[in-house]
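Enquirer:
Residue numbers (the working numbering): 404 to 686.
#1: Beta-carbon within less than 6 Å of residue 621's beta-carbon, same chain only, minus the 5 sequence neighbours each way: which residues are those?
#2: Taking all protein chains shown into account, decide if residue 408 is buried (16 or more other Cβ within 10 angstroms of its Cβ) or exposed.
#3: Let me make sure I understand the geometry here. Which of 450, 415, 429 and 641 has the alpha-carbon closest to that of residue 579?
#4: Can you tell me whether DSSP reads residue 432 as helix, strand or coil?
#5: Return the CA-CA distance between residue 596 and residue 531, expressed in angstroms with no decimal places.
#6: Count Cβ pairs between the region 539-547 and the region 617-632 that sit closer than 8 Å; are there 3 or more?
#7: Is the separation between the beta-carbon of residue 472 and that of residue 534 shorter than 8 Å?
#8: Have a look at residue 507 and residue 652 and give me their C-alpha separation to the nearest angstrom.
#9: Please report how far the alpha carbon of residue 667 lies from the alpha carbon of residue 429, in whole angstroms.
#10: What beta strand (DSSP E) runs, 3 residues minimum, are completely inside the region 438-511?
#11: I need the boundaries of the beta strand (DSSP E) containing residue 672, first residue and last residue.
#12: Rank 440, 450 and 500 by C-alpha distance to the C-alpha of residue 670 and give the top, closest one.
#13: Let me check one thing: in DSSP terms, what residues is residue 554 bridge-paired to?
#14: Going by the beta-carbon positions, is the gap between residue 451 and residue 480 smaller than 8 Å?
#15: Using only CA atoms, which one of 540, 522, 636 and 550 lies nearest to residue 454?
#16: Would you grab the beta carbon distance between residue 491 and residue 677 for me? Rounded to a whole angstrom, and I think it's under 8 Å.
#17: Does the beta-carbon of residue 636 have 16 or more other beta-carbons within 10 angstroms, so that it is buried, or is it exposed?
#18: Rounded to whole angstroms, what is the Cα-Cα separation between residue 608 and residue 420?
#19: Per DSSP, what are the beta-bridge partners of residue 410 in this structure?
#20: For residue 616 and residue 482, I'd like the C-alpha separation in whole angstroms.
#21: Assuming residue 461 contacts residue 553 under a Cβ cut-off of 8 Å, what Cβ separation, rounded to an integer in Å, is found between them?
#22: What are the partner residues of residue 570, as DSSP defines its beta bridges?
#23: In or out: residue 416 buried (at least 16 other Cβ within 10 Å) or exposed?
#24: Can you pull the DSSP bridge partners for residue 420?
#25: Return the chain-ordered list of same chain residues with a C-beta closer than 7 Å to the C-beta of residue 457, the five sequence neighbours on each side being excluded.
#26: With DSSP collapsed to three states, give me the class of residue 636.
#27: Roughly how many whole angstroms lie between the Cα atoms of residue 661 and residue 524?
#28: Output yes or no for whether 8 Å exceeds the beta carbon distance between residue 570 and residue 646.
#29: So for residue 427, helix, strand or coil by DSSP?
Written as structure tokens, this is what we have:
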């Protein structure tokens with residue numbers, strides 16, 4: 404009998420705004436941000452094994468097997484649930500590393516939700532999100548699967564429902580160091596807090612954008628080119644740049660013009676992640 408298998412999407416996210424309110428005593432920054440998902444992402448396939456071994460069969464350049472967030476998520480869930488089963492994992496990777504669209508965090512969340520289903524653990528979302536937070540501040544929103552206004556270091560989540568336009572996402576071929584951006588002396592760290600409702604019109608700004616644009620000419624170029632057609636924004640600390648359009652046709656039209664010289668993709672914004680829609684269909 405073949406081992407149970409499951410293939411799940413691992414969606415990208417955008418930060419529609421990112422305000423930095425101050426630096427905490429632990430060195431982290433107090434944030435306010437709005438997360439929204441894209442109907443675009445990696446695909447992860449899982450196959451249960453009965454010997455307890457966790458094996459990621461896809462290699463990531465420069466990332467040792469046991470350091471990968473997918474493997475760390477699987478091992479922590481296995482340990483905390485005392486599950487005797489193991490897992491084989493393959494990933495079809497399309498999301499860039501260091502792009503600010505949540506690739507690693509999304510992969511970790513898809514792993515937690517996928518293994519909870521395959522191993523039949525019965526963990527609820529709260530428990531999975533708490534484990535996810537130990538892996539990274541962005542993991543819980545992917546576990547929850549609903550667009551959210553986030554506070555703290557990004558872990559306090561309030562569901563929101565912003566508009567769901569079509570986005571053109573440009574992917575400059577640079578990896579931005581989040582630590583480098585957050586330690587920049589010119590980074591704005593005193594933005595006044597905003598209230599969660601109503602969702603701010605235009606969703607606010609990204610306080611990291613001026614610093615990233617100054618340090619990374621490729622990102623600055625992408626912002627300038629996209630800005631000729633729509634409001635160009637930075638997601639997270641970058642490197643990805645995005646802009647919204649009312650229709651796929653309009654996003655595709657601008658994409659055709661810009662992707663002659665830049666890498667990018669068009670995707671629909673979604674307030675319910677495609678991972679959660681897939682899991683719901685399995686119930």
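Cβ coordinates follow ideal geometry from the N, Cα and C atoms, glycine included. As the structure is a computational prediction, the values presented were derived from the model and not from experiment.
Expert: Let me lay it out:
#1: So the list reads 575 and 577, once near-sequence residues are dropped.
#2: Residue 408 is exposed by the Cβ-count criterion.
#3: Of the candidates 450, 415, 429 and 641, the residue whose Cα lies closest to the Cα of residue 579 is 641.
#4: In this structure, residue 432 counts as strand in the three-state DSSP scheme.
#5: Straight across, the Cα-Cα distance linking residue 596 with residue 531 is about 28 Å.
#6: Fewer than three pairs of CB atoms, one per stretch, sit closer than 8 Å, so the region 539-547 makes no contact with the region 617-632.
#7: No, the pair does not count as a contact, with Cβ atoms beyond the cut-off.
#8: If I take the Cα positions, the gap works out to 30 Å.
#9: Distance between the alpha carbons of residue 667 and residue 429: 36 Å.
#10: The region 438-511 contains, as complete beta strand (DSSP E) runs of 3+ residues, the segments 457-459 and 489-495 (chain order).
#11: Element bounds for residue 672: 667-673.
#12: When only C-alpha atoms are compared, the closest one is 440.
#13: Looking at the DSSP output, residue 554 shares a beta bridge with 435 and 559.
#14: Taking a C-beta distance under 8 Å as the contact criterion, residue 451 and residue 480 do not qualify as a contact pair.
#15: The shortest C-alpha separation from residue 454 is found at 522.
#16: About 23 Å; that fails the 8 Å criterion.
#17: With a threshold of 16 other beta carbon atoms within 10 Å, residue 636 meets it and is buried.
#18: Those two C-alpha atoms are separated by around 5 Å.
#19: The partner list for residue 410 (beta bridge, DSSP) reads 448.
#20: Just so you know, the alpha carbons of residue 616 and residue 482 end up roughly 42 Å apart.
#21: At roughly 29 Å, the Cβ-Cβ gap does not stay under 8 Å, so residue 461 and residue 553 are not in contact.
#22: Its beta-bridge partners are 647 and 670.
#23: The residue is buried, with at least 16 neighbouring Cβ atoms inside 10 Å.
#24: In the DSSP assignment, residue 420 is bridged to 437.
#25: So the qualifying residues of the chain are 474, 477, 478, 481, 489 and 490.
#26: Residue state, collapsed to three classes: strand.
#27: Between residue 661 and residue 524, the C-alpha separation is close to 46 Å.
#28: Contact flag set, yes.
#29: Residue state, collapsed to three classes: coil.
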